[in-house]
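J.: Quick one: this structure, given as C-alpha cells, is what I'll be asking you about.
Numbering (full-length UniProt numbering), first residue to last: 1 to 261.
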C-alpha cells in the first residue's frame with residue numbers, strides 16, 4: 001500500500017475508532033479526500049478484516065466471538081459494564097503506543113478494548129498472557145503477537161499463569177505494559193484477586209519501562225486481596241471522567257500521571 005494511501009487509511013481507522021460508525025461522505029469530508037478514494041480504501045480495509053461495510057455506513061470490525069461464550073456469558077457481561085468508558089480509555093491508551101514498541105497487555109475487559117484499538121496498527125509487538133487477546137489478532141496477517149503460554153486455572157477467565165508463563169517473561173522487555181486491575185489504591189497500589197495472576201503481572205511490571213494502568217473510575221480508590229505493584233511503580237493511570245477529583249490529587253501526589261477521558 002502506497003504511503004499516501006496508508007496514511008489515509010490510518011486516518012479513516014482513527015476516525016472510526018473515535019466515532020464507532022460513519023459513512024463515506026463524512027469520512028471524505030473530514031480527511032479531505034474524494035469519496036472514490038475513501039471507498040477504495042474501505043474495500044482494502046475490509047479485505048484485511050479491519051472494517052465492516054454495510055449499506056450506507058462503515059464501522060470497525062466487531063469484537064471476536066469466542067466459542068466458550070455459547071455457554072458462559074460472564075466475560076461479555078463484564079465487557080458491557082462501563083463499556084463507553086472502557087472504549088474511551090482504550091483509545092487514549094492506543095494513542096500512547098509508538099511504531100516499533102513492544103508492549104504487554106494483561107488480561108481483562110479494558111485491556112481487551114485496548115487490543116481492539118490496536119488491531120489496525122502495524123510495527124508493534126504485543127505480548128500477553130490472555131488467550132482472548134491473542135485471538136483478537138488471529139485473523140490479521142501482519143500482527144506480531146506473542147502468547148506467554150501457561151495454565152488456565154479458573155473458569156470465566158482467559159488468563160494464563162504458572163511456571164511456563166513466568167519463565168517466558170524472563171526473556172522479554174517492554175516499552176510499555178498496559179495493566180488492568182481489580183483495584184487501584186493510592187496507598188495499596190494495583191491489586192487483583194488471584195495470587196497466581198498477580199505473580200505474572202508483577203513480572204510484566206518488572207520488565208517494563210512504563211507501567212500504564214487502564215481502569216474505569218469504579219476500580220479506583222479500592223483494593224483487593226493480592227498486590228501486583230506499588231502505586232509508585234505506575235507511570236500513568238488512564239480512567240474516565242467520573243473519577244473522584246480527590247483521588248486524582250492523591251495519585252498525582254504519588255507522581256502518577258493521570259489521564260482523564
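Where is the CB? At the ideal position from N, CA and C, for every residue including glycine.
#1: Do you know how far the Cα of residue 182 is from the Cα of residue 158?
#2: From residue 213 to residue 225, what distance separates their C-alpha atoms?
#3: Distance check for residue 169 and residue 149, CA to CA, integer angstroms please.
#4: Along the beta strand (DSSP E) that carries residue 59, what are the first and last residues, could you check?
#5: State the DSSP-derived secondary structure class of residue 125, mapped to helix, strand or coil.
#6: Going by C-alpha to C-alpha distance, which of 236, 243, 240 and 241 sits closest to residue 255?
#7: Cβ atoms of residue 197 and residue 161: under 8 Å apart, would you say?
#8: Between 47, 84, 90 and 83, which lies nearest to residue 238 when the distance is taken from Cα to Cα?
#9: Which first and last residues belong to the beta strand (DSSP E) in which residue 175 is found?
#10: Anyone know if the C-beta pair for residue 321 and residue 172 falls short of 8 Å?
#11: Please state the DSSP three-state secondary structure of residue 218.
#12: List the DSSP bridge partners of residue 258.
#13: Would you identify the three-state DSSP class for residue 84, choosing helix, strand or coil?
#14: Return the bridge partner residues of residue 184 from the DSSP annotation.
#15: Under the rule that 16 or more other beta-carbon atoms within 10 Å means buried, what is residue 55, buried or exposed?
T.: Well, looking at it:
#1: Working through the chain shown from its first residue, we reach residue 158 at position 158. Working through the chain shown from its first residue, we reach residue 182 at position 182. Cα to Cα, the separation comes out at about 15 Å.
#2: As a first step, residue 213 must be located in the chain shown, where it is residue number 213. As a first step, residue 225 must be located in the chain shown, where it is residue number 225. Spanning the two alpha carbons is a distance of roughly 18 Å.
#3: Residue 149 sits at position 149 when you count from the first residue of the chain shown. Residue 169 sits at position 169 when you count from the first residue of the chain shown. Computed Cα separation, rounded: 10 Å.
#4: The sequence position of residue 59 within the chain shown is 59, counting from 1. Start and end: 57-60.
#5: By one-based count along the chain shown, residue 125 stands at place 125. Strand, per DSSP.
#6: By 1-based counting over the chain shown, the position of residue 255 is 255. Among 236, 243, 240 and 241, the Cα nearest to that of residue 255 is on 236.
#7: As a position in the chain shown, residue 161 is number 161, starting the count at 1. As a position in the chain shown, residue 197 is number 197, starting the count at 1. In contact: residue 161 and residue 197 (Cβ atoms closer than 8 Å).
#8: Along the chain shown, read from residue 1 onward, the residue named residue 238 stands at position 238. It is 90.
#9: Position 175 of the chain shown holds residue 175. First-last of the beta strand (DSSP E) with residue 175: 174-179.
#10: The first residue shown for the chain is 1 and the last is 261, placing residue 321 beyond what the model contains.
#11: Position 218 of the chain shown holds residue 218. Residue 218: helix per DSSP, three-state reduction.
#12: The count along the chain shown starts at 1 and reaches residue 258 at position 258. Its beta-bridge partners are 237.
#13: Translated into the one-based positions of the chain shown, residue 84 becomes position 84. Reduced to three states, the DSSP call for residue 84 is helix.
#14: As a working note, residue 184 is residue 184 in the chain shown. Residue 184 is bridged to 190 and 220.
#15: Residue 55 sits at position 55 when you count from the first residue of the chain shown. With fewer than 16 Cβ atoms within 10 Å of its Cβ, residue 55 is classed as exposed.
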